[in-house]
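J.: Structure incoming, see below.
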Amino acid sequence: DNTNENLSALLENETGVQILRNGSGIAKPVVHGMYGNRLTILNNGIAQSGQQWGNGHSPEIDPLSADKITVLKGVNAIEYGGGNLGGAILVEPNKISREPHLHGQVNYAYETNGRGHNLNARVEKFSPVLAWRINSTIKNYGDKKSADYFLNNTGLEELNFAVQLEKAWNNRLLLDFYASTFNTKLGVLRGSQVGNLSDLETALTRDVPFYTDEEFSYEIEAPKQEVSHHLLKLKAKYFIDDHQYMQLVLAGQKNVRREFDVRRSGRSDIPAMSLDQYTMNAEVKYFKEFGENWELQIGNQNIFIDNTNNPETGILPLIPDYLSWETGVYTTLTKQHERINFNLGMRYDFEYQDVVTITNTEPRKIARYENNFHNAGGVAGLKYDLSHTQSLSFQSGVAMRNPAINELYSNGLHQGVSGIEEGDTELNKEISFKSTLDYKWLPNARFSFNTLMYFQKFNDYIFLNPQEEIRLTIRGAFPVFSYEQTDAHIYGLDISTQYMIGNSLFGLLKYSYIRGEDTENDIPLVNIPSNSFYGSLTFRHNKSINLSSRTRLEQLEVELNNRYVFMQNNLLPDQDFVLPPGAYNLTGIRISSNLIMPGQNIRFFTKIENLFNVKYRDYLNRQRYFADDTGISITLGLKLKF
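Quick note: to get the working numbering, add 39 to the position in the sequence shown (first position is 1).
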């Protein structure tokens with residue numbers, strides 16, 4: 040029922056997960072306040088490598104090529120990269136089912152807001168010689184609409200393709216091959232870019248953004264983004280015996296990003312940012328079960344990145360050309376003893392950066408930097424089963440993260456978020472300490488309760504801070520943001536509960552509380568998500584509904600849901616260009632069922648989002664400076680399996 044959703048939108052209903060947006064089509068997940076360089080996203084086991092540092096850059100992953108998405112919110116993500124106590128997101132396809140016949144499915148959804156078409160198809164077949172799966176997605180959207188007006192130039196085009204191959208020899212050696220390509224064109228709200236200081240000051244306070252047109256359009260013009268991401272992966276897994284295996288993973292990635300600005304003299308078709316990035320990944324892992332319920336894992340990961348600016352832009356690059364090489368080793372140890380589960384992990388990473396940039400002072404000169412960073416971290420956790428229905432888990436860890444390239448050397452207009460970003464070459468290494476306490480209670484099959492508390496302490500926390508400056512450039516007037524450091528605390532609480540009322544009614548409640556404090560200056564942290572509450576009530580008709588002697592409806596569901604987002608009031612008036620937007624409440628409805636006919640199984644669904652067409656702005660949406668968020672949207676979809 041999510042054919043029309045991107046990866047971030049699929050995660051929004053997870054407790055502890057919020058979404059950082061730049062308009063309606065650009066979004067990235069935030070886990071316990073962590074995103075970008077602090078949050079690892081793995082696409083089929085490979086750390087996604089692109090320009091993920093940008094707040095206006097979405098993960099270039101097609102969620103419809105995956106079957107399960109897992110969010111690791113604790114400190115147990117040490118296996119997936121150093122410095123990511125913020126957690127990790129695993130986007131994974133299932134193994135190809137051992138079914139010799141050809142199987143597949145076709146998904147289609149139409150969304151009224153944006154008049155968007157979404158088409159996805161998957162075909163697979165198992166054979167002892169070679170198992171294969173092919174997946175493809177096409178999307179096309181025009182201008183989105185707020186409650187009162189069109190958000191002009193916010194269309195989207197997307198074309199994705201993935202192929203998966205599997206081969207096994209004697210159940211000892213398993214080979215997996217995976218290749219995918221993700222290609223998108225994204226419009227950026229035209230009213231987010233204005234020409235002079237007075238217009239920008241006016242734009243920040245207008246109810247309706249500049250350049251708003253009353254006519255809908257599928258046209259995507261500058262400002263816009265064109266992005267492609269290509270992935271090749273080969274995995275070999277060899278079982279030494281029933282209790283141990285070795286695994287080797289090799290992968291290559293290519294990320295192409297072009298961002299187009301509104302430029303004079305007919306030059307808007309020349310990109311203002313043109314970046315090519317090549318990444319090579321290599322990982323080897325050893326796993327062993329031994330003794331009484333002991334598990335040992337040892338791994339080594341290597342990542343090589345070549346990032347290049349193309350000179351076609353005629354503009355000084357926002358981030359420099361660079362080469363980087365990172366190698367890391369880690370080990371994890373777990374033990375299960377009666378009611379107690381213990382886990383321990385340690386990690387060491389080394390990163391080398393070779394950076395070539397252009398100075399931001401005249402006369403312009405080429406400057407070269409070589410950086411060597413050593414980072415170490417460790418985690419420990421203990422889970423205790425209080426009874427057969429209750430468990431209590433505690434985890435604690437420490438991690439180091441060196442400044443990323445953008446945090447050190449950014450210098451210029453980041454067109455995707457309509458702001459000037461400035462790095463600082465004097466930034467220090469960031470050190471964080473995080474602890475989580477998780478309580479779960481499942482007294483029966485009808486009720487569950489889960490609460491997770493977390494506290495994270497940062498020394499030299501790196502963040503993008505709004506400055507008290509609006510700068511006029513030859514490309515227009517833009518707010519200024521600078522990377523700075525401070526000591527900080529980020530802490531919060533996630534609560535979720537589910538209850539089956541009778542045999543047909545199912546209730547769900549979720550609440551997320553988060554707070555960030557700049558402890559060095561005794562002020563709030565900026566860019567921390569607002570607290571939120573989500574609830575849903577679902578009616579399930581468990582019996583078949585006969586439409587004829589050969590046709591029936593099964594699994595009819597009707598869901599009413601509601602999301603309430605609190606105002607971000609933990610912020611001082613002078614910490615941003617405008618005051619945080621107010622709280623808002625969004626109500627939705629979803630209806631779905633399966634239509635069963637001879638030889639046919641068709642699932643259909645209808646959902647309405649923002650049912651009451653609420654006018655609102657979200658604190659984590661950079662478009663909030665200029666425009667309202669999206670209004671009511673109705674989606675009609677179906678899935679055909681064969």
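Just so it is clear, CB atoms sit at the ideal spot from N, CA and C, and this is done for glycine as well. These numbers come from a predicted model, not from an experiment.
(1) Count the CB pairs spanning the stretch 292 to 312 and the stretch 324 to 338 that are closer than 8 Å, and state whether there are at least three.
(2) Give the straight-line distance between the Cα atoms of residue 305 and residue 653, rounded to the nearest whole angstrom.
(3) Quick check on DSSP: helix, strand or coil for residue 182?
(4) When we look at the beta-carbon of residue 368 and count the other beta-carbons within 10 Å, is it buried (16 or more) or exposed?
(5) Which partner residues does residue 333 have in the DSSP bridge list?
(6) Report the option in 137, 374, 669, 41 whose CA atom is closest to the CA atom of residue 178.
(7) Do residue 262 and residue 300 have their beta-carbon atoms positioned less than 9 Å apart in this structure?
(8) At 3 residues or longer, and completely inside the stretch 55 to 110: list those beta strand (DSSP E) runs for me, N to C.
(9) Drop a sphere of 10 angstroms on the beta-carbon of residue 96, count the other beta-carbons inside from all chains shown, and report buried for 16 or more, exposed for fewer.
(10) Would residue 587 be called buried (16 or more neighbouring beta carbons within 10 Å of its own) or exposed?
(11) Going by Cα to Cα distance, which pick from 649, 481, 119 is closest to residue 674?
(12) With burial defined as no fewer than 16 other Cβ atoms inside 10 Å of the residue's Cβ, what is the status of residue 353: buried or exposed?
(13) Put residue 657 into one of helix, strand or coil per three-state DSSP.
(14) When you compare each of 397, 418, 171, 357 to residue 387 by their alpha carbons, which one comes out closest?
(15) Cutting at 7 Å between CB atoms, please list the residues of its own chain near residue 568, excluding the five before and the five after it.
(16) Please name the residue in 521, 561, 237, 495 whose C-alpha comes closest to that of residue 506.
(17) Could you tell me if residue 453 is buried or exposed, where buried requires 16 or more neighbouring beta carbons within 10 angstroms of its beta carbon?
(18) Are the Cβ atoms of residue 676 and residue 257 separated by less than 9 Å?
(19) Report the option in 456, 591, 467, 457 whose CA atom is closest to the CA atom of residue 447.
(20) For residue 476, which residues in the same chain have their Cβ closer than 6 Å to its Cβ, ignoring the five residues on either side in sequence?
(21) Give the C-beta separation of residue 102 and residue 49 to the nearest angstrom, bearing in mind that I take them to be a contact with Cβ-Cβ under 8 Å.
(22) Could you round the C-beta distance between residue 390 and residue 412 to whole angstroms and report it? I think they count as a contact, below 8 Å.
(23) What does DSSP give as the partner residue(s) for residue 486 in the beta ladder?
(24) How long is the line joining the alpha carbons of residue 561 and residue 185, rounded to whole angstroms?
(25) Going by DSSP, which residues form a beta bridge with residue 604?
(26) Counting C-beta neighbours from all protein chains within 10 Å, is the total for residue 268 16 or more, i.e. buried, or is it exposed?
(27) Just grab the DSSP bridge partners of residue 628 for me.
T.: With the given structure in hand:
(1) no
(2) Locating residue 305 in the sequence shown gives position 266, where the first residue counts as 1. Locating residue 653 in the sequence shown gives position 614, where the first residue counts as 1. Distance between the alpha carbons of residue 305 and residue 653 is about 39 Å.
(3) Working through the sequence shown from its first residue, we reach residue 182 at position 143. Here residue 182 sits in coil by DSSP.
(4) Counting from one through the sequence shown, the residue named residue 368 turns up at place 329. It is exposed - the Cβ of residue 368 has fewer than 16 other Cβ atoms within 10 Å.
(5) Against the sequence shown, residue 333 aligns to sequence position 294. Answer is 329, 374, bridged to residue 333.
(6) One-based indexing of the sequence shown puts residue 178 at position 139. Minimum Cα distance to residue 178 is reached at 41.
(7) In the sequence shown, the residue the question calls residue 300 occupies position 261. In the sequence shown, the residue the question calls residue 262 occupies position 223. For residue 300 and residue 262, yes; Cβs fall inside 9 Å.
(8) 56 to 60, 66 to 70, 79 to 82
(9) Here residue 96 corresponds to residue number 57 of the sequence shown, with the count starting at 1. Burial call: buried.
(10) Stepping through the sequence shown from its first residue, residue 587 is reached at position 548. Exposed is the label assigned to residue 587, since fewer than 16 other Cβ atoms lie within 10 Å of its Cβ.
(11) Along the sequence shown, one-based indexing puts residue 674 at 635. Out of 649, 481, 119, 649 has the C-alpha closest to the C-alpha of residue 674.
(12) In the sequence shown, counting from the first residue as 1, residue 353 sits at position 314. Residue 353 comes out exposed.
(13) One-based indexing of the sequence shown puts residue 657 at position 618. Three-state DSSP puts residue 657 in coil, outside helix and strand.
(14) As a position in the sequence shown, residue 387 is number 348, starting the count at 1. Taking residue 387 as reference, the option from 397, 418, 171, 357 with the minimal CA-CA separation is 418.
(15) Taking the sequence shown and counting its residues from 1, the one referred to as residue 568 is at position 529. Cβ within range, chain order: 57, 69, 72, 553, 659.
(16) Residue numbering aside, residue 506 sits at position 467 when the sequence shown is read from its first letter. Residue 506 has its Cα closest to that of 521, out of 521, 561, 237, 495.
(17) Along the sequence shown, read from residue 1 onward, the residue named residue 453 stands at position 414. Counting the other CB atoms within 10 Å of its CB gives residue 453 a total of 16 or more, which places it among the buried residues.
(18) Within the sequence shown, the letter at position 637 stands for residue 676. Within the sequence shown, the letter at position 218 stands for residue 257. Cβ atoms of residue 676 and residue 257: not closer than 9 Å.
(19) On the sequence shown, position 408 is the one that residue 447 refers to. Selected option, being the one with the closest Cα: 467.
(20) For the purposes of this step, residue 476 is taken as residue 437 along the sequence shown, with counting starting at 1. Cβ within range, chain order: 433, 492.
(21) The count along the sequence shown starts at 1 and reaches residue 102 at position 63. The count along the sequence shown starts at 1 and reaches residue 49 at position 10. Cβ atoms of residue 102 and residue 49 come within 8 Å of each other, at about 5 Å.
(22) As a working note, residue 390 is residue 351 in the sequence shown. As a working note, residue 412 is residue 373 in the sequence shown. The pair is a contact, with the Cβ atoms about 5 Å apart (cut-off 8 Å).
(23) Locating residue 486 in the sequence shown gives position 447, where the first residue counts as 1. BP columns for residue 486 point to 483, 538.
(24) Counted from its first residue, the sequence shown places residue 561 at position 522. Counted from its first residue, the sequence shown places residue 185 at position 146. Cα-Cα distance, rounded: 37 Å.
(25) As a working mapping, residue 604 is identified with position 565 in the sequence shown. Residue 604 pairs with 571, 623.
(26) On the sequence shown, position 229 is the one that residue 268 refers to. By the neighbour-count rule (16 or more Cβ atoms within 10 Å), residue 268 is buried.
(27) Position 589 of the sequence shown, counting from 1, holds the residue named residue 628. When beta bridges are read from the DSSP output, residue 628 appears opposite 599, 647.
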